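> Numbers given in the numbering used here equal positions in the sequence shown, counted from 1, plus 10.
A virtual CB, placed ideally from N, CA and C, is assigned to each residue, including glycine.
Owing to the predicted nature of the structure, the values given are computational and were not obtained by experimental measurement.
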Amino acid sequence: MKRNIFGALMTLIVASTIAIPAAHAQTSMNATVPFAFAVGQTQLSAGAYQVRDVGRATLIVTRDGENKVLGIYQFAGPAKVGETKLVFDKVGDRYFLRQIWTSAHGQGLQLPESKLEKEVQASNREPNGGGAETVIVAMR
11 MKRNIFGALM
21 TLIVASTIAI
31 PAAHAQTSMN
41 ATVPFAFAVG
51 QTQLSAGAYQ
61 VRDVGRATLI
71 VTRDGENKVL
81 GIYQFAGPAK
91 VGETKLVFDK
101 VGDRYFLRQI
111 WTSAHGQGLQ
121 LPESKLEKEV
131 QASNREPNGG
141 GAETVIVAMR
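1) For residue 127, which three-state DSSP category applies?
2) Whole angstroms is fine: what's the gap from residue 70's alpha carbon to residue 48's?
3) Residue 107 lies in the beta strand (DSSP E); which residues open and close that run?
4) Quick check: what's the CA-CA separation for residue 66 versus residue 82?
5) Taking the straight line between their C-alpha atoms, what separation do you get for residue 145 and residue 123?
6) Report all residues from its chain with a CB closer than 8 Å to the CB of residue 85; omit the five preceding and five following residues, and keep chain order.
7) Can you give the beta carbon distance from residue 62 to residue 38, rounded, assuming they're within the 8 Å contact cut?
8) Measuring CB to CB, does residue 64 end up less than 8 Å from residue 80?
9) Consult DSSP for residue 55 and reduce its assignment to one of helix, strand or coil.
10) How would you write the range of the beta strand (DSSP E) that residue 45 sits in, first residue to last?
11) Whole angstroms is fine: what's the gap from residue 76's alpha carbon to residue 91's?
12) Below 7 Å CB to CB, which residues in the same chain sit around residue 18 once its five sequence neighbours on both sides are set aside?
13) Assuming contact is defined by CB atoms lying nearer than 8 Å, are residue 143 and residue 100 in contact in what I supplied?
14) Quick check on DSSP: helix, strand or coil for residue 67?
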């Protein structure tokens, strides 16, 4: 009897754990990025993208589903109302996704600096101390 109750309780817990991220996965934001950019080591072309929450991960996918990147990123801080944007670092002529801000969840996500970005920064060091520019693309 105790085994049946325990088994039923565990089944309920597992089912609810799976169902909650699935319901959460419905959130998506759209952005048109006018330049090619990198997410970690993955290069993505300019175009229309969706940024989706998939459980605890974030999926960045082209609208046609051709290119995608899935990652778990660090909390960057609370988002302000209406603050829904992608933040890029521009180093030389290359762009790197740095942060994802969504007011729907009230938070920002910080992407780690990739090995590629560190290499590009090292090769683009200027004597006058110029560094990366910040470029913002709005999402809706």
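Well, looking at it:
1) Position 117 of the sequence shown, counting from 1, holds the residue named residue 127. Residue 127 falls in the helix class under three-state DSSP.
2) In the sequence shown, residue 70 corresponds to position 60, counting from 1. In the sequence shown, residue 48 corresponds to position 38, counting from 1. Between residue 70 and residue 48, the C-alpha separation is close to 11 Å.
3) Within the sequence shown, the letter at position 97 stands for residue 107. That run of the beta strand (DSSP E) goes 104–112.
4) As a first step, residue 66 must be located in the sequence shown, where it is residue number 56. As a first step, residue 82 must be located in the sequence shown, where it is residue number 72. One C-alpha to the other measures close to 7 Å.
5) Position 135 of the sequence shown, counting from 1, holds the residue named residue 145. Position 113 of the sequence shown, counting from 1, holds the residue named residue 123. Rounded to whole angstroms, residue 145 to residue 123 spans 16 Å at the Cα level.
6) One-based indexing of the sequence shown puts residue 85 at position 75. So the list reads 117, 118, 119, 120, once near-sequence residues are dropped.
7) Here the question's residue 62 lines up with position 52 in the sequence shown. Here the question's residue 38 lines up with position 28 in the sequence shown. 4 Å between Cβ atoms; contact.
8) Here residue 64 is taken as the residue at index 54 of the sequence shown, counted from 1. Here residue 80 is taken as the residue at index 70 of the sequence shown, counted from 1. Going by C-beta atoms, residue 64 is nearer than 8 Å to residue 80.
9) As a first step, residue 55 is located in the sequence shown; it is residue number 45 there, counting from the start. Residue state, collapsed to three classes: coil.
10) For the purposes of this step, residue 45 is taken as residue 35 along the sequence shown, with counting starting at 1. Careful: residue 45 lies outside any beta strand (DSSP E) and carries neither H nor E.
11) As a working note, residue 76 is residue 66 in the sequence shown. As a working note, residue 91 is residue 81 in the sequence shown. Their backbone Cα atoms lie some 32 Å apart in a straight line.
12) Position 8 of the sequence shown, counted from the first residue, corresponds to residue 18. Confidence in residue 18 is poor, its pLDDT being 47 and thus under 50, which makes the residue's placement unreliable; the coordinate value appears in the next sentence. Counting only Cβ-Cβ distances below 7 Å, and skipping sequence neighbours, we find nothing.
13) What you label residue 143 is simply residue 133 of the sequence shown in a count that begins at 1. What you label residue 100 is simply residue 90 of the sequence shown in a count that begins at 1. For residue 143 and residue 100, yes; Cβs fall inside 8 Å.
14) What you label residue 67 is simply residue 57 of the sequence shown in a count that begins at 1. Strand, per DSSP.
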